[in-house]
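**Q**
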Amino acid sequence: MKTHLLRLAATAVGVAIAATTAMAQERVVNVYNWSDYIDESILADFTKETGIKVVYDVFDANEIVETKLLAGGSGYDVVVPTAPFLARQIQAGVFQKLDKSKLPNLANMWPEISERLAKYDPGNEYAVNYMWGTTGLGYNIDKVKAALGDIPLDSWDVLFKPENAEKLKACGVNILDASDETFAIAMNYVGKDPDSKQAADLEAGGEVYKAIRPFVKTFNSSSYIDELANGDTCITMGWSGDILQAKTRAAEAGNGVKVEYVIPKEGTYMWFDNLAIPADAKNVEEAHAFINYLMKPDIIAKASNYVQYANGNLASQPLLDKEVLENPSVYPPAETVSKLFTISPYGPREQRVLNRVWTEIKTGS
Amino acid sequence: MAEVTASPHAGPARWLVVAVPYVWLLLFFVAPFLIILKISLSDTAIAMPPYTPVFEGFGAIGDFISQLDFENYAFLAEDPLYLRSYLSSLRIAAISTCLLLFIGYPIALAMARAPTSIRPTLVMMVILPFWTSFLIRVYAWIGILKPEGLLTLLLQAIGILGPTEQVQIFRTDTAVFIGIVYSYLPFMVLPLYAALEKMDATLLEAASDLGCPPWKAFWKITFPLSLPGVVAGAMICFIPITGEFVIPDLLGGAETLMIGKTLWTEFFGNRDWPLASAVAVLLLLVLVIPIMIFQNQQQKVR
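Chains as they are written, first to last, in the numbering used here: chain A, 190 to 554; chain W, 82 to 383.
(1) Under 8 Å Cβ-Cβ, which residues of chain W neighbour A/LYS551?
(2) Could you tell me whether the Cβ of W/ILE120 comes closer than 8 Å to any Cβ of chain A?
(3) Identify the residues that DSSP records as bridge partners of W/VAL311: which are they?
(4) Over what stretch of residues does the beta strand (DSSP E) that includes A/GLY322 continue unbroken?
(5) From W/ASN153 to W/ASP124, what does the alpha carbon distance come to, in whole angstroms?
(6) Are the C-beta atoms of A/ILE532 and some chain W residue less than 8 Å apart?
(7) Name the two residues that bound the continuous beta strand (DSSP E) containing A/LYS491.
(8) Report the neighbours of W/ASP254 on chain A: residues whose CB is nearer than 8 Å to its CB, in chain order.
(9) Can you tell which of A/VAL254, A/GLY264 and A/LYS350 has its C-alpha closest to the C-alpha of A/ARG277?
(10) Cβ of A/PRO453 within 7 Å of any heavy atom in the ligand GTP?
(11) Look at the alpha carbon of W/PHE151 and the alpha carbon of W/LEU122, and state the distance between them as a whole number of angstroms.
(12) Between W/CYS318 and W/LEU181, which are expected to be in contact by the criterion C-beta below 8 Å, what is the C-beta distance as a whole number of angstroms?
(13) Anything in chain W within Cβ reach of A/GLY261, meaning under 7 Å, just list it in chain order.
(14) So what's W/GLY185 in DSSP terms, helix, strand or just coil?
(15) In terms of residues, what are the limits of the alpha helix (DSSP H) holding A/ALA465?
(16) For my contact list, A/ASN273 and A/PRO534 are in at a C-beta cut-off of 8 Å; report their separation, rounded to the angstrom.
(17) Taking only beta-carbon atoms, is W/ASP353 less than 8 Å away from chain A?
(18) Nearest to W/GLU336 by alpha carbon, out of A/LYS291, A/GLU549, A/TYR226 and A/ALA490?
(19) Give me the Cα-Cα distance between A/ASN463 and A/SER303, rounded to the nearest whole angstrom.
(20) What does the Cβ neighbour count give for W/PHE109, buried or exposed, with the cut at 16 atoms within 10 Å?
(21) Hey, would you say A/VAL526 sits closer than 8 Å to A/GLY430, going by beta carbons?
(22) Tell me which residues share the same chain as W/PRO130 and place their Cβ nearer than 8 Å to its Cβ, disregarding the 5 neighbours each side in the sequence.
(23) Under 8 Å between the Cβ atoms of A/ASN219 and A/LEU503?
(24) Answer yes or no: does any C-beta atom of chain A fall closer than 8 Å to that of W/PRO93?
(25) Within a Cβ cutoff of 6 Å, which residues of the same chain sit near A/ASP390, ignoring the five residues on either side of it in sequence?
(26) Do you know offhand how far A/GLU238's Cα is from A/LEU232's?
(27) Measuring CB to CB, does W/LEU236 end up less than 8 Å from W/VAL219?
(28) When you check each C-beta in the region 262-284 of chain A against every C-beta of chain W, which residues fall closer than 8 Å?
(29) Per DSSP, A/GLU449 forms a beta bridge with which residues?
(30) Determine whether the beta carbon atoms of A/TYR498 and A/PHE235 lie at a separation below 8 Å.
(31) Return the residue from the list W/SER166, W/ALA189, W/MET280 and W/THR283 that minimises the CA-CA distance to W/GLU325.
(32) Measure the Cβ-Cβ separation of W/VAL270 and W/ILE188 and say whether it is below 8 Å.
(33) Going by DSSP in three states, A/LYS242 sits in which element: helix, strand or coil?
(34) Going along the region 532-547 of chain A in order, which residues come within less than 7 Å of chain W, judged by CB to CB distance?
(35) Is it true that the CB of A/PHE349 sits closer than 8 Å to the CB of A/TYR309?
(36) What residue does the beta strand (DSSP E) around W/MET269 start on, and which one ends it?
Written out as C-alpha cells, the structure is:
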C-alpha cells in the first residue's frame, strides 16, 4: 500500500518512455505485473529471442491496476489481475478476447487450474493463468514458539484467537490489507460461507479482526516480506510465495530468522493471477507473443523456481526444482487443495459494506 | 497614462498579460473541478469509466442533467466515517501548523536578525532540502524511525535505550507529525522571514530607549508586525496538510485516519468514483473557508 505515488510516477515515466520508443518503430510490449513476481532474466531472454523490447512496470495492489484499467488508456499491453478482479473487469469490458491461434503453448496448461479459473472467465476466453497460490500464515518460527510455547501452528487459531494474538503482540503481527480475501478467510474460520456477501456474515467475519485488532501492528501487503525477513514481524497473514521469499531473504541475510509458511487446516483462500490483454492495448501482436512465451514450460518453470509460486502450466512441472514442486506450501497435496476455496467478485454496494467495516477495523474505531 | 492609451498595441498586450493567470486557473482549476463536480452527481457502474451517465454531447443534455442527483452527498452525511475523517485531518493539520509555528518562528527571527551578509546563505540552507525528492526524504524518515533504524542505534549507543529496547515511533501519529513538520518547515519559515526581515529595527531601539523590556517589545512590536507572515505561513501549511496523503500513508499507522486516505479507499478500493468525487468537492469547500478568512485578513491588514 505504501508506494502508490512512487508507482504512479514510475508508471507515467514508463509509459512515456514506451510511447517514444514505439515511435522509433521498435517492437515493444508494455507489461504491468505484481512486484517481486518474475525472474527478470526472462524479460531479457524474451527480447533476445523475439526482438520485442519489454517495458516492465510493477504494482502491489489489485485496486491500483483496476482503477487504471477502468479509466482507460492505461498504455499497458499485458496486465496480471487476480481472479475476482479479473471477472469484474471482463464484465466492465476492460479486456479483449485472446486470439488462441497465436497462443500455441496453451496446450501446456494445467486443465485443473484452467477449469477453476473458468469460474471467473467462462470458457477461458480472456485470460491465461500465470501463477496461483494460497493465503496462509507466515511465522518467525523461533519467536512464535517463544511467545506461545509448543502449540500446533497449522491453524488460524494461532492468529485469530485473541489470547494467542495478545502474546504475539510484542513481536509484531501483520495482516494483509486486502479486504475481500481477509473477510473470506475470517468467514470460513467462523463457519460461514467464505463466498457469502450477506451483511450479517461480513459482520461476523469482521468480529474476528475486531477481537484481535489491539494486538495487530500493521495492515500491509508488500513490505511485510522484508519485515518478516528482518524480524520486525513474527506472524503475518500473507501470500504463499511472498512468505517463501521472506524465508529465502532471511537465509541470505544470515540474521538467524527462520521463516515458515503454513496452509491452515481450516482451509484458506486460493487465488489466481492471470495474464490478460486490455481492450485498448496498442501492441496486441507483441502481447500475444509475450503471453505465449510465458507458457513455454522451461520459461515458466524458471519463473516459478525464482518466485516460489505454483504456476498453471502442467508441462512445466518436470522442469521445476524439487524444493518447489515437492513443497506442500507451494504445490499442496490433493487433500489440502480440496479445502481451498475461491470467491466471486463483490458488487458495488457489497464492496462498500465490506470496505467500510474494514476501514473501521484498521483505524480501530 | 495618456501615453499608454495612445499606444495601439498596449491594450491587447496588457489584456494578454492579465489573461494568462485566468486562463491558467480556468484550465487547471475550474475545468477539472467542474468535471469532478459532475462525476460526484453520477452513479457507479461496472463499466469504463466506472460511472454513469457519461456526457455524450449537448444534444442529450436534458437527459444527462435529469440523471444527476445528490445522493452521494446525502450518503456522506449519513455515514460518520467521513465526518470523522475530515475532523481528524483538520486536527492533524491544526496541531502540525502550531508545531510549525513554534519551531519556524525562532528560526525565521534568527535569520532576520542575522548579519545581512549571511542572510542569503541562511535562506539557501532553508531551501536546500528541496533539491532532493520529497518522496526520498520521507523514505529517509522511515530509515531513521523504524524500530531497528538509526534513531534506535543512536539512543542505544549513548545508553538511553538498553541493547534490546527499540523506539516505537514508526507507524504512529507521532511519526506523521515528525514527517509533516519536517516537510513543511520551509513553507512556514520563508513567509515569516519575509515579514520579519522587512521590519524596521529602529522601532525596537525606540522601545528599548523608552524602557520596554525585550520580551514585551517582542509581543508589542515584532509579533504584531509579523502577523501577515504568520497568517500566510499558517495557511500555506494548513491547507495542503489537511489533504495530505503521502506522509500519513508512509509514516502513519493503520489507525491514522485522514481524508486523503478515505478518498483513496473510495476511489481505488470501492471503485466508487462518484462518492470519491463528492468527498473531494467537500474537501475543497472545507479548504476554501480558511482561504477566505485569509483573504479577509489580508484586506484588513492593508
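Each residue gets a CB set at the ideal place from its N, CA and C atoms; glycine is no exception.
**A** Working from what's here:
(1) The residue labelled residue 551 of chain A in the question sits at position 362 within the first sequence. Going along chain W in sequence order, the residues near A/LYS551 (Cβ under 8 Å) are ALA335 and GLU336.
(2) Residue 120 of chain W sits at position 39 when you count from the first residue of the second sequence. No, no contact with chain A.
(3) Here the question's residue 311 of chain W lines up with position 230 in the second sequence. For W/VAL311, which the question treats as bridged, DSSP gives no partner whatsoever.
(4) Counting from 1 along the first sequence, the entry for residue 322 of chain A is found at position 133. Segment 316-329, the beta strand (DSSP E) holding A/GLY322.
(5) Residue mapping note: residue 153 of chain W aligns to position 72 of the second sequence, counting from 1. Residue mapping note: residue 124 of chain W aligns to position 43 of the second sequence, counting from 1. So the alpha carbons of these two residues sit roughly 8 Å apart.
(6) Start at 1 with the first residue of the first sequence, and residue 532 of chain A comes out as number 343. So no, A/ILE532 is outside the interface.
(7) Translated into the one-based positions of the first sequence, residue 491 of chain A becomes position 302. Element bounds for A/LYS491: not the beta strand (DSSP E) but the alpha helix (DSSP H), 486-496.
(8) Along the second sequence, read from residue 1 onward, the residue named residue 254 of chain W stands at position 173. Residues of chain A passing the Cβ test: none, with the nearest at roughly 12 Å.
(9) For the purposes of this step, residue 277 of chain A is taken as the residue at position 88 of the first sequence. Selected option, being the one with the closest Cα: A/VAL254.
(10) The ligand content of the structure shown is nil, which means the ligand GTP is not present either.
(11) What you label residue 151 of chain W is simply residue 70 of the second sequence in a count that begins at 1. What you label residue 122 of chain W is simply residue 41 of the second sequence in a count that begins at 1. C-alpha separation (whole angstroms): 6 Å.
(12) The count along the second sequence starts at 1 and reaches residue 318 of chain W at position 237. The count along the second sequence starts at 1 and reaches residue 181 of chain W at position 100. At roughly 5 Å, the Cβ-Cβ gap stays under 8 Å, so W/CYS318 and W/LEU181 are in contact.
(13) As a first step, residue 261 of chain A must be located in the first sequence, where it is residue number 72. Those are MET129 and PRO130, listed as they occur along chain W.
(14) Looking up residue 185 of chain W in the second sequence gives position 104. Three-state result, W/GLY185: helix.
(15) Against the first sequence, residue 465 of chain A aligns to sequence position 276. Looking at the DSSP string, A/ALA465 is not in any alpha helix (DSSP H); the run it does join, the beta strand (DSSP E), is 459-465.
(16) Within the first sequence, residue 273 of chain A is the residue found at index 84, counting from 1. Within the first sequence, residue 534 of chain A is the residue found at index 345, counting from 1. Looking at the sequence provided, one finds Pro at residue 273 of chain A rather than Asn. Contact holds; Cβ gap of about 4 Å.
(17) Taking the first residue of the second sequence as 1, we reach residue 353 of chain W at position 272. Closer than 8 Å to some Cβ of chain A, the Cβ of W/ASP353 qualifies, so yes.
(18) Residue mapping note: residue 336 of chain W aligns to position 255 of the second sequence, counting from 1. The shortest C-alpha separation from W/GLU336 is found at A/GLU549.
(19) In the first sequence, residue 463 of chain A corresponds to position 274, counting from 1. In the first sequence, residue 303 of chain A corresponds to position 114, counting from 1. About 10 Å.
(20) Position 28 of the second sequence, counted from the start, is the residue given in the question as residue 109 of chain W. By the neighbour-count rule (16 or more Cβ atoms within 10 Å), W/PHE109 is not buried but exposed.
(21) Taking the first residue of the first sequence as 1, we reach residue 526 of chain A at position 337. Taking the first residue of the first sequence as 1, we reach residue 430 of chain A at position 241. Not in contact: A/VAL526 and A/GLY430 (Cβ atoms no closer than 8 Å).
(22) Numbered from 1 along the second sequence, position 49 holds the residue referred to as residue 130 of chain W. Correct list, in chain order: TRP354.
(23) Counting from 1 along the first sequence, the entry for residue 219 of chain A is found at position 30. Counting from 1 along the first sequence, the entry for residue 503 of chain A is found at position 314. No, the pair does not count as a contact, with Cβ atoms beyond the cut-off.
(24) Taking the first residue of the second sequence as 1, we reach residue 93 of chain W at position 12. For W/PRO93, the answer is no, since every Cβ of chain A falls outside 8 Å of its Cβ.
(25) As a working note, residue 390 of chain A is residue 201 in the first sequence. The beta carbon of A/ASP390 is closer than 6 Å to those of MET376 and LYS381 in its chain, skipping five residues each way along the sequence.
(26) Counting from one through the first sequence, the residue named residue 238 of chain A turns up at place 49. Counting from one through the first sequence, the residue named residue 232 of chain A turns up at place 43. Distance between the alpha carbons of A/GLU238 and A/LEU232 is about 10 Å.
(27) Locating residue 236 of chain W in the second sequence gives position 155, counting from the first residue. Locating residue 219 of chain W in the second sequence gives position 138, counting from the first residue. No, the Cβ-Cβ distance between W/LEU236 and W/VAL219 is not below 8 Å.
(28) ARG277, GLN280, ALA281, GLY282 and VAL283
(29) What you label residue 449 of chain A is simply residue 260 of the first sequence in a count that begins at 1. BP columns for A/GLU449 point to A/TYR328.
(30) Position 309 of the first sequence, counted from the first residue, corresponds to residue 498 of chain A. Position 46 of the first sequence, counted from the first residue, corresponds to residue 235 of chain A. For A/TYR498 and A/PHE235, no; Cβs fall outside 8 Å.
(31) Along the second sequence, read from residue 1 onward, the residue named residue 325 of chain W stands at position 244. The option with the nearest alpha carbon to W/GLU325 is W/SER166.
(32) Here residue 270 of chain W refers to the residue found at position 189 of the second sequence. Here residue 188 of chain W refers to the residue found at position 107 of the second sequence. Yes.
(33) Translated into positions along the first sequence, residue 242 of chain A becomes position 53. In the structure shown, A/LYS242 falls within a strand segment according to DSSP collapsed to helix, strand and coil.
(34) PRO537, GLN540, ARG541, ASN544 and ARG545
(35) Position 120 of the first sequence holds residue 309 of chain A. Position 160 of the first sequence holds residue 349 of chain A. Contact: no.
(36) On the second sequence, position 188 is the one that residue 269 of chain W refers to. Not the beta strand (DSSP E): W/MET269 falls in the alpha helix (DSSP H), residues 254-278.
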